[in-house]
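Input: a single structure, listed below in structure tokens.
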Amino acid sequence: MAFTFRGRSIGKVGVIGSGQIGPDIALHFTKSLYRLGTQVVVVDIAEEALAKGKGKIFKKIDKGVETGAFKPDGADAMKSNVTFTSDYDQLSGADLVVEAATEDLPLKRRIFRQLEQLVSPQAVMTSNSSHLEPERIFEELAHKERALCTHYFFPAERNPAIEIIPGKDTGQQITDFVMRFYEAIGKMPFKIGSRYGYAVDPIFEGLLLASIQCVDKGLGTTKQVDTVASRCLGLTVGPFTAHNLAGGNPITAHGLSEMTERINPWFRCPDRLKKMVETGQMWETPARKETVEVPPDKEKEITNELLGAYFAMCCDMLDAGIVTTSDLDLLIATALDMKPPFSYMNSTGLDKALELVESFCRKYPGMPVAKSLKERAASGKPWLVEDVVCEKKGDVAVITIRRPKALNALNSKVFEDMTPYLEDIKKDPQIKAVVVTGYGNKAFVAGADIKQMASFTKPEEGAGFARLLQISSSQLENLGKPVVAAMNGLALGGGNELAMCCTARVAPKGIKLFAGQPEVNLGLIPGMGGTQRLPRIVGFEKASEMIRTANPISSDEAFKCGLVNELVDGDVLERAIELAREIAEGKAKPKLIEKGPLSNVPDSLPDIDIGHHSKAIDAIAVESILTGAKMSLDDGLKNEARLFGHCWTTQDNRIGLQTFVEKGAKAKADFVHK
Ligand code: CAA
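So that you can map any letter, position 540 of the sequence shown is 539 in numbering that gives the first Met the number 0, and since no number is skipped, the others follow by simple counting.
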């Protein structure tokens, strides 16, 4: 058995290097692929490194069993799925290889020369590097088209961010495959243009340089600057502490000196850092929980200096054209767990951000004031940081909802971001069809944003929100071009309702917890069309059961009851794109939803055990289903929005929403049936 994805069978993954990061990369592969039958092989020439790497990941797996993250039999299977060996020949037959050796160009080239003899010409070869451009690493390869760079972040088995850097010779299909493959195994891949250090490291290393500059100018000690940096940049630990923890001084010193030539002359290795590398010393940093006093005037100066550097570097990255605003914002927040730069500038105001950057660049003329920042500030508009990404795949536009921290939940901003894309698609004769999907491998869309709804106090606010979401999501239904939902994971509440606005729905086979209308858990009824479209698609009995009990269904059950049109093994997005094209060309004709009043409306719904749920909310749900079905879909939706708002007149609405906000999704609300 092997994992087959986008026509490629991945039976064996190789990881070269059992040093700092290789074992963690192998751990991520084995935990996400062992069930699918993909073996993982870690190769290193040093037996000692192999033993250490194996010990390290086995310890992490055992810890996972203790915390309940892994089941004992799963943990055993993960361990036996990964082999540590000094025999390079064991890489023969590998379908994907990640080289994670030392950051040394001649060494990496030597490894790839050897690797090319061992693996088939179809195998994908990647180099995990933090700086080196793919063109330089793969220069001597005969098959450059299947090679690209990746950059994992610490800790590689848990940090979801990963930079994917294709070189000028990398095949588009290989890049697409690697991007989708990583997303399918739970990573957040970001495609970055080829430049020294890619997107993240110039910022990570540049912030150490900016911090050293503060110390050199006498604004504070390393302890004080570290403390202010973590405060103003939202870092868990400051740049000095981070470098101590990761032993990162030598690589940053090398990176910064290369960046002088390769990025801009502000980047340089300062003497203070050179000395630390030569002596092997650590920075003096705050002890755990130590309170470090910083005089307010110094705090302000350090903050301005660091923010000036941070904003300047991020905007310069946009000028270089290697990453988009939205990608860099999310990438930095995820990879480095710090305040996302463009959202941060939006909150300080762009005039203020420009002032900080100009002041910084006056002091350090090697750093240019980015054109992108000057233009944005002059426009008077904030940076566009979108929760929706739109990409053209030939004649099909793929819209991805991307709010990974909220499992792609829908708020008004998602639709504000989506609407301009839909308007362009409508007018674009080259685009024949659309696919809508969710980011990541866990959720399509986990519903409307509960935290936003919990802030409402009046029925009109609830009704207005539901109507806004209904109108926005109906744009998909009324686009005039086929729209297929690639339901890559959980489709709950507004997520399932969004999918039902599409012409057809495609889902992965075998997902146990897949689709549902869980609103009654929250003291709500579905408000984005669930009480109207669900009965029209799956019939009254099934719809009433799903809405009134909140019980989710599996993807196989969703297929059986007609909620999804097709189940897919492998990449749902790929099949959804094909299906969208088939519908546009008239080769597939999915049944369309009835938009008029239904003729088979029962007088009442079947008796059902609603468990602990609110009887008051159940009555509203039943009314919405039965009255709406006798109306046109459009009027039924308006009726549903009104009744959705009516939920705010009950005590159970407050109880349900507060329970979620205060205790999380798994807590059961104590409804009072009023
Ligand atoms: N809105 C806002 N945030 C959401 C969300 C939603 N619909 N669903 C999940 N999240 C957030 C969680 O609050 C959590 O955030 P924090 O890390 O900040 O706490 C994060 O996403 C991850 O969620 P969990 O930790 O709960 O992840 P899990 O894997 O344990 O569970 C889940 C996943 C089963 C989807 C669970 O989160 C869940 O049940 N969510 C609620 C789903 C729901 O009720 N949807 C219907 C919303 S109402 C609606 O859609 C009304 C309408 O018709 C208009």
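We treat Cβ as the ideally placed atom computed from N, Cα and C, and that holds for glycine.
Setting aside the 5 residues that flank it on each side, GLU156 is surrounded in the same chain by ASP23, LEU26, HIS27, each with a C-beta closer than 6 Å to its C-beta; the list follows chain order.
Scanning its chain for C-beta atoms nearer than 6 Å, with the 5 sequence neighbours on each side dropped, one finds around THR436 the residues THR399, ALA485, ASN487, LEU572, in chain order.
For the 8 Å CB-CB criterion, VAL291 and LYS338 do not form a contact. A straight line joining the alpha-carbon of ASN495 with that of LEU409 spans about 11 Å.
The continuous alpha helix (DSSP H) containing ASN243 extends over residues 238-245. Following the DSSP letters along the chain, one finds CYS389 inside the beta strand (DSSP E) bounded by residues 387-392. Spanning the alpha carbons of SER378 and GLY365 requires a straight line of approximately 26 Å. Sequence-distant Cβ neighbours of VAL96 in its own chain, meaning closer than 8 Å and more than five residues away, are VAL12, GLY13, VAL14, ILE15, LEU90, LEU114, VAL118, ALA122, VAL123, MET124, THR125. Comparing C-alpha distances from VAL39 to each of ALA48, ALA45, GLU47, LYS53 shows the shortest one belongs to LYS53. If you draw a straight line from the Cα of ARG7 to the Cα of TYR33, it is about 17 Å long. The three-state secondary structure of ARG580, taken from DSSP, is helix. Here the alpha carbon of THR101 sits roughly 8 Å from the alpha carbon of LYS107. ALA311 has its alpha-carbon roughly 19 Å from the corresponding atom of VAL214.
Relative to the ligand CAA, LEU491 has its C-beta within less than 7 Å of a heavy atom.
By the Cβ criterion, the segment 563-582 is not in contact with the segment 525-538, since fewer than three pairs of Cβ atoms, one from each stretch, lie closer than 8 Å.
Assignment of THR101 by DSSP, reduced to helix, strand and coil, places it in the coil class. By the Cβ-count criterion, LYS391 is exposed, with fewer than 16 other Cβ atoms from all chains shown falling within 10 Å of its own Cβ. Here the alpha carbons of LYS508 and ASN440 stand approximately 13 Å from one another. Distance from the Cα of GLU289 is smallest, within the candidate group THR240, CYS268, LEU317, THR278, for THR240. The C-beta distance from LEU421 to GLN474 rounds to 5 Å, short enough to meet the 8 Å contact threshold. Within the same chain, ALA334 come within 6 Å of VAL199 by CB-CB distance, once the 5 residues on both sides are set aside.
By DSSP's assignment, ILE552 forms a beta bridge with ALA514.
Taking a 10 Å sphere around the C-beta of GLN531, we find 16 or more other C-beta atoms and assign the residue as buried. For TYR151, the enclosing beta strand (DSSP E) covers residues 146-151. Secondary structure at GLY437: strand, using DSSP grouped into helix, strand and coil.
Secondary structure note for ASN564: it is in no alpha helix (DSSP H), with a DSSP letter that is neither H nor E. With respect to VAL42, SER79 sits apart: the two C-beta atoms are not nearer than 8 Å. Under the DSSP definition of a beta bridge, THR84 partners with VAL42. Beta-bridge annotation (DSSP): GLY13 is paired with VAL40, VAL96. Distance from PHE341 to ASP328 at the Cβ level is roughly 5 Å; contact confirmed, criterion being Cβ atoms closer than 8 Å.
Taken atom to atom, the span from the alpha-carbon of ALA432 to that of LYS594 is near 21 Å. When secondary structure is reduced to three states using DSSP, LEU409 falls in the strand class. Nearest to LYS480 by alpha-carbon distance, out of ASP350, VAL395, MET344, THR220, is VAL395. The distance from the Cβ of ASN407 to that of PHE443 is about 7 Å, consistent with a contact at the 8 Å cut-off. For the pair PRO458 and HIS645, the CB atoms are nearer than the 8 Å cut-off. Along the length of the segment 168-256, whole beta strand (DSSP E) runs at least 3 residues long occupy 187-190, reported in chain order.
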